[in-house]
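Before any comments, here is the structure.
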Amino acid sequence: MRAWTVDADDIRVAEDFDESLLHRTPEIDGFLTPDRDDKFIVIGTKGFGKTLLLKAKRVLYQQAGQAICLPSGTLLDKPIGDKIFGREAITFFAASPLPWSKVWLAAIAVAVLKQVGATEGLKLNPRLAALIADAHLHGVIDHFVRLLDLTPSELQRCATDTDGHLVPRLRGVKQPITIFIDGIDEYFNKHVEDLPVSPSVTGELAPNVWYFAQLGLVEVAYQLRRINHHLKVFAAIRKEAYARLPQRTAMSQQYRGSAVDIVYSPESLREIFINNIRLVKTDRLVQPERARAHPLEAFLGRAGITDTYTREEEDAFEYVCRHTLLRPRDLMTIGDRLTALRPDERRNEHRLKEAVNQAATEIAHEYLAEIAPYVGDLEVEELFQRLPGHVLTRPEVEGLVAAYGALLDENRHPLCALYRVGLLGYVQHDRVRGEWRQRFLRPGEATLDPNGVLPHATHYLLHPVLSDVIGRVNPPFLQRIDRVNIVGYDRPWHEPGHVERSASARQCCVLKADVHGFGNLMRAGIDGPVRRALAEAVKRWAPAAAISET
1408 MRAWTVDADD IRVAEDFDES LLHRTPEIDG FLTPDRDDKF IVIGTKGFGK TLLLKAKRVL
1468 YQQAGQAICL PSGTLLDKPI GDKIFGREAI TFFAASPLPW SKVWLAAIAV AVLKQVGATE
1528 GLKLNPRLAA LIADAHLHGV IDHFVRLLDL TPSELQRCAT DTDGHLVPRL RGVKQPITIF
1588 IDGIDEYFNK HVEDLPVSPS VTGELAPNVW YFAQLGLVEV AYQLRRINHH LKVFAAIRKE
1648 AYARLPQRTA MSQQYRGSAV DIVYSPESLR EIFINNIRLV KTDRLVQPER ARAHPLEAFL
1708 GRAGITDTYT REEEDAFEYV CRHTLLRPRD LMTIGDRLTA LRPDERRNEH RLKEAVNQAA
1768 TEIAHEYLAE IAPYVGDLEV EELFQRLPGH VLTRPEVEGL VAAYGALLDE NRHPLCALYR
1828 VGLLGYVQHD RVRGEWRQRF LRPGEATLDP NGVLPHATHY LLHPVLSDVI GRVNPPFLQR
1888 IDRVNIVGYD RPWHEPGHVE RSASARQCCV LKADVHGFGN LMRAGIDGPV RRALAEAVKR
1948 WAPAAAISET
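Letter by letter, the sequence shown follows residues 1408 to 1957 in my numbering.
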């Protein structure tokens, strides 16, 4: 597989899967243990690798050869297109997850019984019988999509027949069968998009459909384990939908015990980035001779990056990482953009920064579109035009609320939505470290509810991915720069204008050298030992981030 694969949909069959791209946290490692199946729901926000993890589980089952895997011919069962409903159906499906559970159970039961040849002699209503008789329908999603076209009264008859006739036969299935389902959130995306068009154009829409369709699948996947331990359903569910479980069922704790929540630490993200660097061709590296020992430096051409305004030397990967939302997909976007630069361009710090900033802007636009349905009636561009800079004081935030509040219904806080989706941070005292730190929520860490209040703080911080997005509609925003602090996840915070200074003296040196005949060594390809000897000597006087090579 090529480096920087952004979309796991590129992995279509088991042979496409590359184990090296999968970073194993302890929870993921447990999920992928061959003899464990207690975790069967993969939850995460977009960009966290739900599909990749689900495909990894499917490949394991397929290689073991101990169970029938559905769908056949592809790794995951996934609907395509956008599903909308008429008025009667939307009333039925937007009420609760229960109708969805019935539809999912019927679809799974029909697909499984057809697979094992256990449909003979069933006496069913005409609609359900027609689905079983249709030889063109094979997987769960094939039947699920067709069931959604039935009227509510027809679906209720199907549910009755499923409980009375199909479930008893499911109990008797002796062959191990595993089903892998993905992409349900995308199939119902229209229901959470805020489209200002009439129902005659879009069909009837309801946000609850997006949530309940996924929650219904979670409930059925759990209940099937009780019906027959040979039947297993593995599914990917959006974290935003999963967060609503406690509101809908008393079984939320049991369901949570069956889920693997994808979360990556900064160290894990670094490893993911490095794993992809190892897939980059040698001729695309800045320092190929350092690829084995120092892959980040080999790719980026440096260990540290100097901030333009604070002049602080920052670890190169930390610079990359703070221009993401801490999602693997964002790292793939930046890595792909950097790889597109010629190695001699990437060696140039300014070109590297430009590429990272361009990728960050792309990430921001995609994320803003993604979270638009969840931030209420907030007009993002209008808010961006009012922001004075990337660091806001408490009085400035209160002024924005007062100026913006007249445009909002129900007194919704204009910046709270940005805070809850991780685009607005704040300064918080870390009592463990005994210092002030910057705090941003990660995507999916908070419920996507636009109502509420911001944490009380002296300063609030706009996420670095927004800088160019805001700057395009509000040029003065880019001119007010904090020359003391670098904004980013969990970075230290120093009070602007009150930097403590103390007299100190330390010995510094600059090594400027030219090795006699080095060009001949390079042409002969034997310059590696000399470079290593120089690097080891220099490191005696300075850390790696303070060393530059020209």
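Where a beta carbon is used, it is the ideal one built from N, C-alpha and C, also for glycine. No experiment lies behind these values; they were computed from the predicted model shown.
Query raised in the report: Candidates His-1550, Arg-1465 and Leu-1868: which alpha carbon is nearest Ile-1586's?
Result: Locating residue 1586 in the sequence shown gives position 179, where the first residue counts as 1. If we check each option's Cα against that of Ile-1586, Arg-1465 comes out closest.
Query raised in the report: Do you know offhand how far Glu-1852's Cα is from Ile-1539's?
Result: As a first step, residue 1852 is located in the sequence shown; it is residue number 445 there, counting from the start. As a first step, residue 1539 is located in the sequence shown; it is residue number 132 there, counting from the start. Cα to Cα, the separation comes out at about 42 Å.
Query raised in the report: Tell me, which residues are paired with Lys-1639 by DSSP?
Result: On the sequence shown, position 232 is the one that residue 1639 refers to. Residue pairing of Lys-1639 in beta bridges, as defined by DSSP: Thr-1585.
Query raised in the report: Just to confirm, are Tyr-1774 and Phe-1847 a CB contact at a threshold of 8 Å?
Result: Here residue 1774 refers to the residue found at position 367 when the sequence shown is read from its first residue. Here residue 1847 refers to the residue found at position 440 when the sequence shown is read from its first residue. Cβ atoms of Tyr-1774 and Phe-1847: not closer than 8 Å.
Query raised in the report: Since Asp-1722 is in the beta strand (DSSP E), which residue starts that stretch and which ends it?
Result: One-based indexing of the sequence shown puts residue 1722 at position 315. Where Asp-1722 is concerned, the enclosing beta strand (DSSP E) starts and stops at 1720–1722.
Query - Nearest-angstrom Cα separation, counted from Gln-1621 out to Ile-1644 - result: Your numbering for residue 1644 matches position 237 in the sequence shown. Your numbering for residue 1621 matches position 214 in the sequence shown. Near 6 Å, if we compare the C-alpha coordinates of Gln-1621 and Ile-1644.
Query raised in the report: Which of the three DSSP states, helix, strand or coil, is assigned to Thr-1740?
Result: As a first step, residue 1740 must be located in the sequence shown, where it is residue number 333. Shown here, Thr-1740 sits in a helix according to DSSP, grouped into three states.
Query raised in the report: So what does DSSP say about Asp-1897, is it helix, strand or coil?
Result: For this step, residue 1897 is matched to residue 490 along the sequence shown. If DSSP states are grouped into helix, strand and coil, Asp-1897 belongs with coil.
Query raised in the report: Around the C-beta of Ser-1479, are 16 or more other C-beta atoms found within 10 angstroms, so that it is buried, or is it exposed?
Result: The sequence position of residue 1479 within the sequence shown is 72, counting from 1. Ser-1479 comes out exposed.
**Report entry** Neighbour-count burial assignment, Thr-1569, 16 or more Cβ in a 10 Å radius
**Finding:** Working through the sequence shown from its first residue, we reach residue 1569 at position 162. Flag for Thr-1569 reads buried.
Query raised in the report: Straight-line CA distance for Trp-1411 to Thr-1746?
Result: For this step, residue 1411 is matched to residue 4 along the sequence shown. For this step, residue 1746 is matched to residue 339 along the sequence shown. Rounded to the nearest angstrom, the two C-alpha atoms are 9 Å apart.
Report task. Mind checking which residues open and close the beta strand (DSSP E) that includes Asp-2011? Result -> Since the first residue of the chain shown is 1408 and the last is 1957, residue 2011 is not available in this structure.
Query raised in the report: Taking C-beta to C-beta, are Gly-1829 and Phe-1884 nearer than 8 Å?
Result: Stepping through the sequence shown from its first residue, residue 1829 is reached at position 422. Stepping through the sequence shown from its first residue, residue 1884 is reached at position 477. No; because the gap between Cβ atoms is not below 8 Å, this pair is not in contact.
Query raised in the report: Mapping DSSP to helix, strand and coil, what is Val-2016?
Result: Any question about residue 2016 goes unanswered here, given that the chain covers just 1408 to 1957.
Requested in this report: For Arg-1431, I'd like the list of residues in its chain whose CB is within less than 6 Å of its CB, leaving aside the five on either flank, ordered along the chain.
Outcome: The sequence position of residue 1431 within the sequence shown is 24, counting from 1. Cβ within range, chain order: n/a, list empty.
**Report entry** Own chain partners of Cys-1728 with C-beta closer than 7 Å, once the 5 adjacent residues on each side are dropped
**Finding:** Taking the first residue of the sequence shown as position 1, residue 1728 is located at position 321. Here the set comprises Pro-1673 and Leu-1676.
Report task. Mind reading off the beta-carbon distance from Tyr-1671 to Pro-1735? Whole number of angstroms is fine, and I expect it under 8 Å. Result -> Indexing the sequence shown from 1 puts residue 1671 at position 264. Indexing the sequence shown from 1 puts residue 1735 at position 328. Yes, they are in contact, since the Cβ atoms of Tyr-1671 and Pro-1735 sit about 7 Å apart, within 8 Å.
Query raised in the report: Excluding five sequence neighbours on each side, which residues of the same chain lie with their C-beta closer than 8 Å to the C-beta of Gln-1473?
Result: For the purposes of this step, residue 1473 is taken as the residue at position 66 of the sequence shown. Result list for Gln-1473: Pro-1583, in chain order.
Query raised in the report: Measuring CA to CA, which of Ala-1514, Asn-1683 and Ala-1542 is closest to Gly-1623?
Result: Position 216 of the sequence shown holds residue 1623. Comparing Cα positions, the closest option is Ala-1514.
Query - Gly-1926, enclosing alpha helix (DSSP H) - first and last residue - result: Position 519 of the sequence shown holds residue 1926. Counting along the chain, the alpha helix (DSSP H) containing Gly-1926 begins and ends at 1925–1931.
Requested in this report: State buried or exposed for Ala-1963, treating a residue as buried only when at least 16 other CB atoms are found within 10 Å of its CB.
Outcome: Residue 1963 lies beyond the residue range present for the chain, which begins at 1408 and ends at 1957; the question has no answer from this structure.
Query raised in the report: The beta strand (DSSP E) spanning Ala-1666 covers which residue range?
Result: Here residue 1666 is taken as the residue at index 259 of the sequence shown, counted from 1. Start and end: 1666–1668.
Query raised in the report: Between Asp-1549, Gln-1792, Thr-1740 and Thr-1713, which lies nearest to Val-1510 when the distance is taken from Cα to Cα?
Result: The residue you call residue 1510 lines up with position 103 of the sequence shown. Residue Asp-1549 is the option with its Cα nearest to Val-1510.
Requested in this report: Kindly indicate the opening and closing residues of the beta strand (DSSP E) around Tyr-1867.
Outcome: Taking the first residue of the sequence shown as 1, we reach residue 1867 at position 460. Counting along the chain, the beta strand (DSSP E) containing Tyr-1867 begins and ends at 1866–1869.
Query raised in the report: So, helix, strand or coil for Trp-1617, using DSSP?
Result: Here residue 1617 is taken as the residue at index 210 of the sequence shown, counted from 1. Here Trp-1617 carries a helix assignment [DSSP, helix/strand/coil].
Query raised in the report: Going by the CB atoms, is the gap between Leu-1531 and His-1572 shorter than 8 Å?
Result: Position 165 of the sequence shown, counted from the first residue, corresponds to residue 1572. Position 124 of the sequence shown, counted from the first residue, corresponds to residue 1531. Yes. Within cutoff.
Query - Limits of the beta strand (DSSP E) - the one that Val-1828 falls within - result: Locating residue 1828 in the sequence shown gives position 421, where the first residue counts as 1. Unbroken run through Val-1828: none, as it is neither H nor E.
Query raised in the report: Pro-1821: which of Asp-1837, Arg-1844 and Gln-1792 sits nearest, CA to CA?
Result: Against the sequence shown, residue 1821 aligns to sequence position 414. Measuring from the Cα of Pro-1821, the nearest candidate turns out to be Gln-1792.
Report task. With distances taken Cα to Cα, identify the nearest neighbour of Ala-1648 among Phe-1680, Arg-1534 and Asn-1615. Result -> Walking along the sequence shown from the start, residue 1648 turns up at place 241. It is Asn-1615.
Requested in this report: Answer with buried or exposed for Tyr-1629, where buried requires no fewer than 16 other C-beta atoms within 10 angstroms of its C-beta.
Outcome: The residue given as residue 1629 occupies position 222 in the sequence shown. So Tyr-1629 ends up on the buried side.
Query raised in the report: From Pro-1506 to Leu-1483, what distance separates their C-alpha atoms?
Result: As a first step, residue 1506 must be located in the sequence shown, where it is residue number 99. As a first step, residue 1483 must be located in the sequence shown, where it is residue number 76. C-alpha separation (whole angstroms): 24 Å.
Report task. Give me the Cβ distance between Arg-1754 and Val-1834, rounded to the nearest whole Å; I'm assuming they're in contact under 8 Å. Result -> In the sequence shown, the residue the question calls residue 1754 occupies position 347. In the sequence shown, the residue the question calls residue 1834 occupies position 427. In fact, because the Cβ distance is near 35 Å, the residues do not count as touching under 8 Å.
Report task. Would you kindly work out how many angstroms separate the C-alpha atoms of Cys-1823 and Ala-1710, rounded to a whole number? Result -> For the purposes of this step, residue 1823 is taken as residue 416 along the sequence shown, with counting starting at 1. For the purposes of this step, residue 1710 is taken as residue 303 along the sequence shown, with counting starting at 1. For the pair Cys-1823 and Ala-1710, the Cα-to-Cα distance works out to about 36 Å.
Query - Residues bridged to Leu-1799 (per DSSP) - result: If you number the sequence shown from 1, residue 1799 lands on position 392. Paired residues: Tyr-1867.
Requested in this report: Indicate whether Gly-1456 and Ile-1669 have their beta-carbon atoms separated by less than 8 Å.
Outcome: Position 49 of the sequence shown, counting from 1, holds the residue named residue 1456. Position 262 of the sequence shown, counting from 1, holds the residue named residue 1669. Against a cut-off of 8 Å, the Cβ pair of Ile-1669 and Gly-1456 comes out as a contact.
Query raised in the report: Which first and last residues belong to the alpha helix (DSSP H) in which Arg-1753 is found?
Result: Here residue 1753 refers to the residue found at position 346 when the sequence shown is read from its first residue. Where Arg-1753 is concerned, the enclosing alpha helix (DSSP H) stretches over 1750–1753.
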